[in-house]
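Please read the structure below before turning to the comments.
2 protein chains.
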Amino acid sequence: MTERGYDGFAIDEVVARASVAKTTLYRRWPSKDHLLVALVARIQDEVEVADTGDIRRDLTVYLTAVATGLDRMRRVGRDGAGEADRSAGVVAELVAAAARHPDVGDAVRGMFARRNALPLRPLDRARERGALPTGISSEVVFDQLAGALYYRLLITGAPIGADYVQELVDQVLSTATTASHPDGT
Amino acid sequence: MTERGYDGFAIDEVVARASVAKTTLYRRWPSKDHLLVALVARIQDEVEVADTGDIRRDLTVYLTAVATGLDRMRRVGRDGAGEADRSAGVVAELVAAAARHPDVGDAVRGMFARRNALPLRPLDRARERGALPTGISSEVVFDQLAGALYYRLLITGAPIGADYVQELVDQVLSTATTASHPDGT
DNA sequence: CGCATTTCGATACAGCCGTTGCGTTACCCA
DNA sequence: TGGGTAACGCAACGGCTGTATCGAAATGCG
Chain L
1 MTERGYDGFA IDEVVARASV AKTTLYRRWP SKDHLLVALV ARIQDEVEVA DTGDIRRDLT
61 VYLTAVATGL DRMRRVGRDG AGEADRSAGV VAELVAAAAR HPDVGDAVRG MFARRNALPL
121 RPLDRARERG ALPTGISSEV VFDQLAGALY YRLLITGAPI GADYVQELVD QVLSTATTAS
181 HPDGT
Chain Z
1 MTERGYDGFA IDEVVARASV AKTTLYRRWP SKDHLLVALV ARIQDEVEVA DTGDIRRDLT
61 VYLTAVATGL DRMRRVGRDG AGEADRSAGV VAELVAAAAR HPDVGDAVRG MFARRNALPL
121 RPLDRARERG ALPTGISSEV VFDQLAGALY YRLLITGAPI GADYVQELVD QVLSTATTAS
181 HPDGT
């Protein structure tokens with residue numbers, strides 16, 4: 001999979017290399033999509049989120065980690081290290097697999113949910129300190145942040161650099177900033 | 001395609017119903033993915049965006065139209081009208097197709113770009129009126145809005161109701177509101 | 001009308017995913 | 001140690017996408 005990407009990744013070759021009958025593989029993973037999500041679950045490294053009290057910094061660190069992780073999965077199966085095509089790679093296949101099989105969808109959503117639950121606590125704490133607007137759920141705020149990243153990755157294909165992440169966080173937190181620092185800093 | 005969804009949509013049956021040789025079809029659309037994006041380009045209806053001067057209302061109308069359009073595409077190929085499964089349906093296949101073939105990716109990005117360029121002008125005009133924070137590009141603002149919708153559709157599978165759209169717009173515009181109405185209304 | 005070029009059709013085929021049927025091996029436990 | 005259950009292996013197959021080959025039809029043009 002990491003060698004040739006999703007297309008060049010054939011079940012027949014997997015069973016040949018594993019010296020295993022195709023029947024056995026299909027007993028464990030009932031489709032190629034199931035196998036894919038199991039692979040990604042292995043590849044995915046843990047993302048931890050700090051909770052230092054500086055919500056701007058915490059969010060920036062977290063989103064940067066997510067962005068680099070996505071960029072890494074974007075390049076899975078491409079040989080050229082600097083391959084600059086605007087493709088979502090394996091993430092797009094993951095999304096499609098989740099849409100095809102309900103149980104795969106549950107698994108994929110569970111994967112993302114574990115990662116995405118992390119910054120909710122810092123967000124809630126920041127709101128308690130008055131660093132976030134009231135009346136807006138942390139979930140919506142998080143949807144905007146993560147959504148912008150996935151939107152660029154999957155839909156527009158626009159690059160996701162460190163400056164973009166910073167601009168994103170600034171825009172979301174601008175309410176709180178103008179509230180606590182009316183001079184706009 | 002609209003009858004049975006992406007899976008039950010077989011090239012062999014298409015050419016049979018069209019009374020056309022498979023060779024001919026493949027001369028026009030060099031893969032099933034190419035055919036898919038051509039179909040979606042036909043299905044996709046035009047979304048127009050108002051520019052009344054009330055940016056909050058304009059954005060809400062636009063995003064609601066986008067959300068209902070996505071929800072319609074989400075149900076393509078499912079018989080039950082009230083089919084409430086949390087699947088991204090044809091949109092996910094579109095994203096995967098765009099990731100597989102570079103030219104399909106260009107076409108899909110072009111489709112989305114045409115729709116997404118629409119609200120940029122009202123956003124820019126609103127900023128000129130001081131109804132948006134300075135220093136933040138309209139593109140980032142739009143990424144947050146559209147991104148949240150696609151994120152819910154493709155990743156979390158969470159529902160996208162009218163109240164959610166409203167909450168989204170309110171959060172994004174809260175900066176401007178507090179700036180022009182410091183009492184918080 | 002005659003001819004060349006382009007387009008289309010039909011069939012067969014390769015590669016892949018996923019399934020079926022059945023025989024064989026490994027494992028567990030009395 | 002023996003027997004029964006569970007897991008595995010093997011080969012073949014069906015359905016699908018995409019390709020190749022070659023023949024037939026249509027179209028444009030002098």
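Taken in order, these protein sequences are the chains called L and Z.
Using UniProt numbering, you'd call the opening residue of the first sequence number 1 and step up by one each time.
Using UniProt numbering, you'd call the opening residue of the second sequence number 1 and step up by one each time.
Idealized CB from N, CA, C, for every residue including glycine.
request  = Confirm, please, whether the CB-CB distance from Z/Ala88 to Z/Leu153 is below 9 Å.
outcome  = Yes, they are a contact pair.
task = Provide the residue span of the alpha helix (DSSP H) that contains L/Ile155, from first to last.
result = Taken as a continuous stretch (DSSP letters only), L/Ile155 belongs to no alpha helix (DSSP H), as it is neither H nor E.
inquiry  = For a test of the three-state rule: what should DSSP assign to L/Glu48, helix, strand or coil?
reply    = L/Glu48 falls in the coil class under three-state DSSP.
key: Supposed close pair Z/Ala97, Z/Leu36 - CB separation, criterion 8 Å   = About 6 Å separates the two Cβ atoms, so the contact holds.
Residue 187 of chain L at chain Z interface by Cβ criterion, 9 Å = Residue 187 of chain L lies beyond the residue range present for chain L, which begins at 1 and ends at 185; the question has no answer from this structure.
inquiry  = Mapping the DSSP letters down to three states, classify Z/Thr68 as helix, strand or coil.
reply    = Looking at Z/Thr68 - three-state DSSP - the assignment turns out to be helix.
request  = Could you tell me whether the segment 101-110 of chain L touches the segment 141-161 of chain Z, using the rule of 3 or more Cβ pairs below 8 Å?
outcome  = In short, these stretches touch, since the Cβ pair count reaches three.
query = Taking any Cβ of chain L, which residues in the segment 137-165 of chain Z have a Cβ under 7 Å from it, in chain order?
reply = Residues passing the 7 Å Cβ filter: Val140, Val141, Asp143, Gln144, Ala146, Gly147, Ala148, Tyr150, Tyr151, Arg152, Leu154, Ile155, Thr156, Gly157.
key: Members of the segment 52-73 of chain L that neighbour chain Z once the beta carbon cut-off is set at 9 Å   = Within the segment 52-73 of chain L, no residue qualifies.
ask   = What are the complete beta strand (DSSP E) segments, minimum 3 residues, inside the segment 84-172 of chain L?
value = Whole beta strand (DSSP E) segments, 3+ residues: zero.
ask   = So, is Z/Ile43 buried or exposed, given that buried needs 16 or more other C-beta atoms within 10 angstroms?
value = By the Cβ neighbour-count rule, Z/Ile43 is exposed, with fewer than 16 other Cβ atoms within 10 Å of its own.
query = Apart from the five residues just before and just after L/Val169, which ones in its own chain have a Cβ nearer than 8 Å to its Cβ?
reply = Setting aside the 5 residues that flank it on each side, L/Val169 is surrounded in the same chain by Arg56, Leu59, Thr60, Leu63, Leu145, each with a C-beta closer than 8 Å to its C-beta; the list follows chain order.
Under 8 Å by beta carbon: chain Z residues contacting L/Phe112 = Going along chain Z in sequence order, the residues near L/Phe112 (Cβ under 8 Å) are Ile155, Thr156.
ask   = For L/Gly53, which of L/Pro122, L/Leu173, L/Ser31 has the nearest alpha-carbon?
value = Cα-wise, what sits closest to L/Gly53 is L/Pro122.
ask   = Apart from the five residues just before and just after Z/Glu93, which ones in its own chain have a Cβ nearer than 7 Å to its Cβ?
value = Same-chain partners within the cutoff: Tyr6, Leu36.
message = What would DSSP say about residue 193 of chain Z, mapped onto helix, strand or coil?
response = This structure cannot speak to residue 193 of chain Z, because chain Z is shown only from 1 to 185.
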